[in-house]
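Positions -27 to -1, 1 to 1212 (mature numbering (1 follows the signal peptide of the UniProt record, and there is no 0)) are the ones given, in order, by the sequence shown.
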Amino acid sequence: MSRRSLVAVTTAGALIAGFLVPATASADTQPQTTDRARVVMLWQVSGQLVRSAAERALVGSDADVHTFLTSGYQHAAELDERITVDRMLANGGVATKTAAQQALDSTDPGAIHQFLDSGWNTPRQTDLRVQVDQRLAQGGDETRKAAQQALDAGTVDALQQFLATGWRNPWQTDQRIRINQIYAGGGSEVRKSAQVALDAGTLDAYVQFLDQDLPVAQARDQETQTVAQLANVAKDAGDEAARETQAAMDAAHRAAVETELARQAAVAAAGAAQKAHGDANAAAAAANTAADAANRAAAAAREAVGAANSASSAARVAASAAARAATAASKAGQAAATAQDAATAAVGDEARAPDARRAAEQARDVAAGAQAAANAAQAAGDAAQHASDAAGAARDAGNQAAAAAQAAVDAGNFAHDAGVDASQAIAAAGEARNQAARATRAANAAQNFAHVAASAAYASRDAANRAAADALEAAAAADSAADHAGHAADAAAEATQHANAASEAAARATTAATQASSIYDAARQADAERIAVMTEDADDNATKAKAAAVSNPYTTDWSATQQARRDAETSRLIAEATASGTSDAVAVADGRKIALRLARNGGSWTKAAAIAALSGADGQVLAYVRGGIDVAAGQDDRITLQNVADLGTDGFRKAADTALKGTDSDVRALLAGRDYPNRSMDDRIAVNRVLAAAQSSGGVAVQQAAQKALDAGTEAAYNAFLTQGQYVAASQDQRIAVNRILADPASGPETKGMAQAALDGTDGTLRQFLTSGQYLAERHDHEAASHDAEVAGYLKQATQAAATANQNANDAQAAAYTARGLADKAAEYAAAARASATDAANAAKDAHDSAVRAEQSAVAAAASAATAKQAATTAQNDARQAAKSALWAESSASQAAGYASTAYEAWRVAYWAMIQTGGDAQAAAAAAKDAADKAITKFNDERAQQAFRLSNYCATVNVGDKAAYDDCMHFAASSPEERIQIIANRGVFCSNIFQQGTPYFENCIHETFDPAFAADQSLGLVNQLMTAISTLEVGLGIALVSMRCMMSNICGMAALSASPEGAAIMPWLQLSYNLAGGGVLGAALTTRAIDVFEDGWIANERLTAAVAAEARAAMEADEASRIYRLGCDPADGWKFNADEQAMALALEKKFGVQLIRWPLNQGADWISLDGRTFDGIGPLKSQYFDKQWGLGNIQNQIAKHVLGKADMVPVELGDLTPEQAAKVREFILPYQPFVFILE
């Protein structure tokens, strides 16, 4: 391994710590926290308004700093807390929303803080209980048991555990029981399909069978299904409709509450804006509130669309139940007519008596089945009626969203009159109005369909009940005819009576079949409206996403030098501050502005140097400007070059080795120019690889562009093709392919709609549609066709039964007229019987054909599902690979942050020590530079040694597996899978915007690591793009929520944090990605996932506020009180622990950071002001060590802390003997630097 590779190694921990040596300083020369450092502390962890105020103070005078600390941040902190409560209101459950709104509306100045401190917890627990109650109401026996246990426990942990993972095994057991019950009562095809699912034994298999395979299998069995079996099928469909209805009601209720709260907020904002008159600040605040309310209303309206779709889905299932019940009624009518026909025959022929008795027995059996079918139809009708209510609630939510939009417009107009820019409020109102219109449209369609389904179900109920009565009456008549066969006093009259009864039963069977046919047309119309709303929304969002992507093309090159990454103003300030003749006063003023800008956007070393300068005196700022910036940039450039070289060719890696052994200028030159021996050959090879891939995939435009570059044969041509040309050509090829799908007559309506949206969206959406989205849309189209064919089959079967009933009735009439000696009339009815027989045969053929079509569509849907699932897996793997290099770079940056903070602590201590001993600022700056230089040299040497040890370890545990070795070297043994999962999903976000591999894509991946990425743009680019992506990929619902969670540092990265909420979020991230990618995530699971994500949002919003509050408390306290609080454990009632205090102080000295106590009673012990968490172990006791080590308790404790996901796990060896300490050191080797010895 080369020295460059040793130096380049990075790990999953936030920084390498085990070998860092603290700066030496005696107690009397240890620098105290300055006022500027206190401001920096608040700037690092506070909300946006406090950060803005702190920024103004940091670039100002000492008087400005003093003013900020004494009176300049308290009001801003209160407003930041108010904003946090607003976000909790936007994302919480009903109880949390209500309590948050009460806090916001309260005139008590302490209400907001009290809500964040403790007032949020009880409403949150109420929301959790409601969610568990909903699962209890929807679930089977095992799910209800598990839910009740969680409710009985009554703790947040128990409720969270059930919602996160505790539901899964019971729910899976319930599904298995349900499938076994279906198996027991099903036909041959149902049994076959059920057995496949039971043999697979997976959640995916159960969902697939119940949602997709079962209806098709039932349709295949329909030709041989008895009335009793039809009744069972109808009952099962009715039960499913009830479950779907409950999910729709939950979603509609949620949307209704959210839109009403948004409306209230918008109305209040309009009132505030109207009262503002000439107060521009008040008007601006009101406009911002109105914009936020309108955005919330738009989001709630989207939920209302989802609720309407769920209602439509419930109505669709109820309609299926009604169709089955109608078929059962028609078959029962057929049985009644058959029995009356048999009775007619037996009246005049004693030999036909056995036939009459058999017909009577069959009619009684059918009657029982028909009564069960009537009960199922009643339940289905009730479910459809409730679905109609849910759709009505969704429409009400849409109306409230429209009202919120109008109020936001009013607020914007009032603000505009006050001279304030209200464009955001107006734009947000427009979006809310559009979404409200879609919600109303979807709800109206769903409600209309639900009404039809309910009417059809109730009509089927009545028909089944009447058919049951007819069958019982016919059975009695057949038995009576058998008892008196051939001996009737007036055979002709009695035969006529039976024939008339048969005709009446046949007529009712025909009516039942005719009434049921309305279901088919209504279902198709409802589905067409659903697709129209969905594709309209998708296209609208795609267009907005394209505009948003163009407005922010991610042009900051992650692989550029620090100098090249600076914006024009930063470069101007540096030039001015370092120019000959610039006064110290100007240099200091410029230096602080430079430091603030670079602290936000620089590399790890650059940020650390900038923060040190922001915290320091004028002399330290001068030292920073006149040399510190370049030194820090040089270190960052080295890290960047190491990361670029990891991805480069052998030739580039060799050039990087040489540059890294040289000066910072050498490194900067290679990064800037990428010029090295044989680059042209490397690039030509790369162009040929792209050409070969295009030839394999059929990308004509890419082939032509590649060949053109090869024909030119110049480095410029190769570079232009590799960096830009290939992606432009690929987009052309993809656009042609999507247009072909759009024009294909075989493409279904959803496929066509999503194709158009992809064409109107970003370059990334074209690729995503072709690789995965089209297959999901195809699956949905095939499923809709299968369902249509399935329902058509049942309706045709009902028509067949009615026709057969008419045939039997006509036979009976023919026999009756024969008995009365009316041969002509008998012949007329005989001909009618033959015609009815023909109708029955045609209907039977149609029913069979429908079953075949249903099966064919189901097979096509299954194939599309398999392709979609494989495509999702491939996309996930591609995203993982595309994001892994960015994750390596992020890990390098995190590691470097530790080096840099320690180096600049040495710099700060040396500067202060020289001043304290009487040195001037110039001497202090020289001493500080010398200390920092020595620290940098030592760190690089120690890092190389650590890399060597880690290389040996990784080679040992990953023999022959290069990919695993690379991961091991970059992540050590800190189990990066969950982190990679989050980053991979962020990669999915970027790949939906840009073509993978483009500079824009790479820059996007790296920018997603910026802590401000999601927070600062949550209402802008990120929100628009995520909405579009989720709409195009899998529709609104789980994808939007989970993707927002993945992208959010509040929710997504909580899955990796020391917060216990991470344990709840992470399983759902994986489940939602896997199931949504395959398109099989049902309404119930979607609701559960959204609940977990929202609870994670709420808890982590509160955590963010708590950390900021703890930082303010630490800043406001005197040093002794601050230090004392470091030893107070919130998990133990804030009881003081001297050992914990000593460990915290040792960590502060070691890393040159200030710690605050982790403010929750679960999770880490401390958090540094730059966001790193520490969870300590020890001090270990020698007298107990051997026994505990032998039992594996200490090893388990270390592993438990690793799984706790704190950034750093320091181990205090206490009074262990050298032999005991050696065991610990050896054990933690694979975990270093994530776990380290604190010495």
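Yeah, the Cβ is synthetic: ideal placement off N, Cα and C, and Gly gets one too.
- Nearest Cα to alanine 1117 within the set Asn712, Asn815, Arg434 and Pro1152: Pro1152.
- Taking a contact as a CB-CB distance under 8 Å, the pair alanine 367 and alanine 264 does not count as one, their CB atoms being some 24 Å apart.
- The region 90 to 100 makes contact with the region 66 to 78: 3 or more CB pairs, one atom from each, lie closer than 8 Å.
- In this structure, the beta-carbon distance from alanine 426 to alanine 357 falls below 9 Å.
- In the assembly as shown, threonine 613 is a buried residue. Its beta-carbon has 16 or more other beta-carbons within 10 Å.
- Counting C-beta pairs with one atom in each stretch, the region 274 to 286 and the region 736 to 754 have fewer than three that are closer than 8 Å, which means they do not touch.
- Note that the C-beta distance between arginine 236 and alanine 380 is below 9 Å.
- Around tyrosine 790, the same chain offers Lys798 and Ala799 as residues with beta carbons nearer than 6 Å, after the five sequence neighbours per side are excluded.
- Cβ contact annotation for alanine 30 (same chain, cutoff 7 Å, sequence separation greater than five): Val12, Asp37, Val38, Phe41 and Gly45, in chain order.
- With a 10 Å radius around the Cβ and a threshold of 16 neighbouring Cβ atoms, tryptophan 885 comes out buried.
- Here tyrosine 156 has Arg164 and Ala167 as same chain residues with Cβ atoms under 6 Å from its own Cβ, once five neighbours each way along the sequence are excluded.
- The alpha carbon of alanine 606 has as its nearest neighbour, out of Pro718, Ala873 and Arg1130, the alpha carbon of Ala873.
- If you draw a straight line from the Cα of valine 129 to the Cα of leucine 89, it comes to about 17 Å.
- Taking alanine 479 as the centre and dropping the five residues before and after it, the same chain places the C-beta of Ala310, Ala778, Asn779 and Ala782 closer than 6 Å to its C-beta, in chain order.
- A Cβ-Cβ distance of about 5 Å is found for the pair alanine 444 and alanine 305, placing them in contact under the 8 Å criterion.
- Pro1191 is the residue among Ala1119, Val1182 and Pro1191 whose C-alpha sits nearest the C-alpha of lysine 1154.
- Between the beta-carbon of alanine 405 and that of alanine 377 there is about 6 Å, and that keeps the pair under the 8 Å contact cut.
- DSSP, reduced to helix, strand and coil, places lysine 634 outside both helices and strands of the structure shown, so it counts as coil.
- By the neighbour-count definition (other C-beta atoms within 10 Å, threshold 16), phenylalanine 1109 is an exposed residue.
- Proline 1132 and phenylalanine 912 have their C-alpha atoms roughly 32 Å apart.
- In terms of Cα proximity to threonine 516, the closest of Arg439, Asn712, Ser638 and Met727 is Met727.
- At a Cβ-Cβ threshold of 9 Å, glutamine 145 and leucine 176 count as neighbours.
- Annotation for serine 720: no alpha helix (DSSP H) segment contains it, and DSSP assigns it neither H nor E.
- Taking the Cα positions, valine 617 is about 18 Å away from threonine 636.
- At a Cβ-Cβ threshold of 9 Å, alanine 332 and alanine 432 do not count as neighbours.
- The DSSP assignment places 736 to 741 as complete runs of the alpha helix (DSSP H) inside the region 736 to 789, in order along the chain (cut-off: 4 residues).
- Exposure of tryptophan 1107 is indicated by the presence of fewer than 16 other C-beta atoms within 10 angstroms of its C-beta.
- Excluding sequence positions up to five before and after leucine 52, its CB lies within less than 6 Å of the CB of Leu22, all in the same chain and listed in chain order.
- The beta-carbon distance between alanine 253 and alanine 391, rounded to whole angstroms, is 6 Å. This is short enough to meet the 8 Å contact definition.
- As a beta-bridge residue in DSSP terms, tryptophan 1139 pairs with Arg1130 and Phe1147.
- Its chain contains Gly721, Ser830, Ala831, Ala833, Ala834 and Ser837 as the residues whose beta carbon lies nearer than 8 Å to that of histidine 755, once the 5 sequence neighbours on both sides are disregarded; these appear in chain order.
- When secondary structure is reduced to three states using DSSP, lysine 1154 falls in the coil class, being assigned neither helix nor strand.
- For serine 491, the closest C-alpha among the options Ser476, Ser428 and Ile85 is that of Ser428.
- Within the DSSP secondary-structure output, phenylalanine 1109 pairs in a beta bridge with Cys1101.
- A direct Cα-to-Cα measurement between lysine 902 and tryptophan 880 gives close to 6 Å.
- Look at phenylalanine 1207 here: in three-state DSSP terms it is coil, with no helix or strand label.
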